[in-house]
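Take 1492 as the starting number for the sequence shown in my numbering and just add one per residue. Each residue gets a CB set at the ideal place from its N, CA and C atoms; glycine is no exception. This one's a predicted model, so the numbers in the text were calculated from it and none came from an experiment. Remarks on the structure that follows.
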Amino acid sequence: MKNLLFLLNLLFTIVLFGQNQANNWYFGQNAGINFSNGIPVALDDGVLNTPEGCSTISDSNGNLLFYTDGIDVWNKNHQLMPNGTGLLGSISSTQSGIIIPHPGNINLYYVFSLPETGGENGLRYSLVDMSLDSGLGDVVTSEKNVLLYESTSEKISAIKHTNENDIWVVSHASDSNKFVSYLVTNNGIQMSPVETQIGHTPIDIYDNVGAMKISPDGTKLAVAYSSEVLDLFEFNATTGKPSNNIQITDFEQGLPISYIYGVEFSSNSKYLYVSETQDGIIQFDTSNFNYNDIINSRYDLTTNGESFGDFPHSALQLGPDKKIYVAHFEYDYLGVINNPNAYGDQADYQYDGVYLTTGVSKAGLPPFIQSFFDSYIKFEGNCFGEFTEFEVSGNEIFDSVLWDFGDGTFSNQETVNHLYDAPGEYQVAITLIDGFNVIEQNQTITIYDVPVITSSSDIILCSDSFDDPLDFNFQNQSILNIESNGQFMTSYHNSFVEAELNLNPIELPFQSENIETTIYVRVFNKNNPDCFTISQFQIIYLETPDFEFNENWYLCKNEEVTVSVPYGFDNVLWSTGEVSNTITLNETGEYWVEVSNFYNDITCTEVKYFNVSNSDVAEITNITVDDWTSNSNSIIIEAEGIGNYEYSIDGIFFQDSNVFNDVKYGDYTVYVRDKNNCGVVSEDVFLIYYPSFFTPNNDGINDVWKIKSIASESSYTIDIFDRYGKFIKQLNPDDNSWDGTFNGLNLRSDDYWFILTRYDGRTYSGHFALKR
């Protein structure tokens, strides 16, 4: 009977590797928390006072063993170990060190220590033997401050080897892009590291600031540099080597004094969280390990509560409860990300997460072997309507497995596809038996609803709106109103493939480039974008009536005006009420015409506005000529009227100006034409060409005076008078010049006047000079 009871006790012993070893945290200024009851409870017995670096370890039952700031080591009674001072780490190192249990000896622990900003002390280890000092532990003198690597940054992380026994401890050089990975085995630390040169090189000593973390499943590694560089790698827990670097540098949109500092993975190793000291917490989905998917998954978490402190978002650390805790510098609360396995604001970042009572948070939190937080429950696919695949994580072999899927169904298979009947939260439990050891774990998983879209309405518009950008508000309303709880969101894409892969979402408002365009809409659960449905709709532009039309029409005096639009439209409506293509108007005013094309229940309409004004033929009021030359004369026409006029001196070519220059002598008819087709008026003009003086001195030059511009006319008279009006001579076509004499006597030099009478009775006058 005793043997049976002993066996039953063994079978119901819960053995969870490492989770209890992370039950106690000491950090900051006399701050601490304990997770023994499943939720963090503040501790007020710690003596640690460190601005950043710290490390803590407990036994497998969750009892505190010791803690350190990288310089001093305190035992569980919060007393310095006898040989526990003078370690060569630094309290100002982002991660001043980490404590690693010896895989082959339950009494031995390695304390790895790091300097600040790549200082000269380098990466070292000191061995703590818990069998010393009456079981309180002490640092072994012969293995204290043993140098591993001379030049290291403030970054360190640890993960179990794939053999489930050994442990990788990974750090980074301070002056190169070299990673150094040390393997801790049953025989101790292998002193020759695995070295890998990849990724960012610190640009100065301060770029060594920032944390490093390996994902709990051992497949990824993230490093933060204060120069706003985040390096993300795939990690091989067999070889200890990072590879496939993805570098993200887009962290400069916030406050200028903010920089990235802490990094941490969710317990399912899907999401990476990065702290910006001033700006907040950033989430990346790393499940698809490529740059575009990761950068496009970025989500800046909103704070559930107000931020306080100089650096409100500092170190990030995963806890035994699978929540991520956030150090707030100089504040008596830790922040907490309550659901780090969820996307976006569902992660629930609560600023005042854990009250520290008498303690004060600084910038650091204690790191642990990341495998402490890995789960035996591994699942993939949590969209309603699809199978969720469950499997036991890791390489360990168990005698038996029992799944409880939280919905009343069970399975004893290591890998099983399970279909849930409804979306919601389910408490999944697994029981693993290995000999006499029973491992029990549970995890809350969420099955997310998937939108059901019966159809997406096409957007049909008239082509006159082609240049107007579209915001798809109607599409959003019609699609998202399918469900009223606001859990779905939309993105729009140019192809089915882009919608399926969530690539290149269309920036709204959208400007179409074609008359017909197919748009693919991805409707997704905002709490899990991988749960989505794709639909499509057309953007179609129907032809709007388009025609040339005069905006101004004119009524001539005592006339009507006819206004018309082209044929071929489905409907015409004038502001007068008429519906024909042509109307006749006899009143001035403002009018409009509406032309439409019908497409089933859509009408595309174009409206043209026009004005009818009065106009009339011109009245010529004066014509001014400037002649006496052969071809440099001018004509100025003055006209009045209500019309809009243009001018011509040949009846063929008209101009807007009423001035004509460089005109040759001769007869002209000038024209004034109304541009609004109300008529033309004309008047004759004669340009005279005669010399302004003559010199009758018998030298053969200018000896006589005559009017040259009428030399070809057969009938005219020219009467010449002296300045006093005395008649001197009459010229005609037979006697067309004057020699300056009167009755045979030479007249003196003086001005003389003439009157030209042409064949039609028109007269022209002028004067000239006689010079001797």
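Where the alpha helix (DSSP H) through residue i begins and ends
i	result
Tyr1782	Tyr1782 to Asn1787
Val1845	Unbroken run through Val1845 is the beta strand (DSSP E), Tyr1840 to Tyr1846; no alpha helix (DSSP H).
Val1988	Phe1987 to Leu1992
Span of the beta strand (DSSP E) around residue i
i	result
Val2081	The identity of residue 2081 in the sequence shown is Glu, whereas the question assumes Val. Residues Gly2080 to Tyr2090.
Val1827	Tyr1824 to Ile1828
Phe1896	Here Phe1896 belongs to no beta strand (DSSP E), and DSSP marks it neither H nor E.
Gly1626	Premise fails: Gly1626 is in no beta strand (DSSP E) and is neither H nor E.
Gln1978	Gln1978 -> no beta strand (DSSP E), and no H or E assigned at all.
Phe2151	Val2150 to Val2154
Asn1908	Thr1906 to His1909
Ser1549	Ser1546 to Ser1549
Asp2165	Gly2157 to Asp2165
Ile1696	Here Ile1696 belongs to no beta strand (DSSP E), and DSSP marks it neither H nor E.
Lys2220	Phe2218 to Leu2222
Lys1651	Thr1643 to Lys1651
Spatial distance of residue i from residue j (CA atoms)
i	j	result
Phe1799	Leu1605	Note that Phe1799 scores a pLDDT of 47, beneath 50, so its modelled location is shaky; the value from the coordinates is reported in the next line. Cα to Cα, Phe1799 sits roughly 29 Å from Leu1605.
Met1492	Ala1833	Because the pLDDT of Met1492 is 28, which lies under 50, any placement of that residue in the model is unreliable, and the question is left without a value.
Ile1951	Asp2061	19 Å
Ser1825	Gly1844	The displayed chain sequence assigns Leu, not Ser, to residue 1825. Rounded to the nearest angstrom, the two C-alpha atoms are 5 Å apart.
Ser2277	Val2086	Outside the modelled stretch of the chain, which goes from 1492 to 2263, sits residue 2277, for which no answer is possible.
Asp1839	Pro1831	8 Å
Asn1465	Gln1934	Any property of residue 1465 remains undetermined from this structure, which presents the chain solely from 1492 to 2263.
Phe2185	Thr2232	12 Å
Gly1519	Asn1654	35 Å
Ser1975	Gln1968	Confidence is the limiting factor: at Ser1975 the pLDDT is only 48, short of 50, which leaves the residue's position unreliable, though a coordinate-based value still follows. Distance between the alpha carbons of Ser1975 and Gln1968: 10 Å.
Gln1861	Lys1651	8 Å
His2258	Asp2190	23 Å
Thr1687	Phe1859	23 Å
Leu2064	Tyr2138	39 Å
Val1602	Asn1521	21 Å
Ser2264	Glu1725	Only positions 1492 to 2263 of the chain appear in this structure, which leaves residue 2264 out of reach.
Ser1549	Val1619	13 Å
Ile2133	Asp2107	6 Å
Ser1947	Asp1955	24 Å
Gly2059	Ser2071	12 Å
Met1572	Asp1629	5 Å
Leu1502	Ser1891	Note on Leu1502: pLDDT 34, under 50, position unreliable in the model; the coordinate value appears next. So the alpha carbons of these two residues sit roughly 12 Å apart.
Lys2275	Val1685	Residue coverage of the chain in this structure runs from 1492 to 2263, which leaves residue 2275 outside it and unanswerable.
Lys1813	Glu1634	34 Å
Expected contact under 8 Å - CB spacing of residue i and residue j to nearest Å
i	j	result
Leu1721	Val1765	6 Å
Cys1874	Asn2019	7 Å
Ser1648	Lys1704	5 Å
Tyr2136	Lys2166	7 Å
Asp1666	Gly1609	7 Å
Tyr2180	Ser2121	6 Å
Tyr1911	Ile1938	5 Å
Status (buried if at least 16 other CB within 10 Å, exposed otherwise) for residue i
i	result
Pro1857	buried
Ile1694	exposed
Ile2202	Note that residue 2202 corresponds to Ala in the displayed sequence, not to Ile. Exposed: under 16 other Cβ atoms inside 10 Å.
Trp1565	buried
Arg2263	exposed
Lys1646	buried
Arg1615	buried
Phe1881	buried
Phe2038	exposed
Thr2009	exposed
Gln1774	buried
Lys2199	exposed
Val1943	exposed
Leu2236	exposed
Phe1979	buried
Strand pairing of residue i, partner residues [DSSP]
i	result
Thr2096	Ser2087
Asp1791	Ile1773
Met1703	Val1714
Ala2260	Phe2184 and Asp2242
Gly1679	Thr1676
Tyr2032	Leu1952
Cys2047	Ser2106
Cys1874	Tyr1939
His1663	Phe1670
Lys1732	Asn1727
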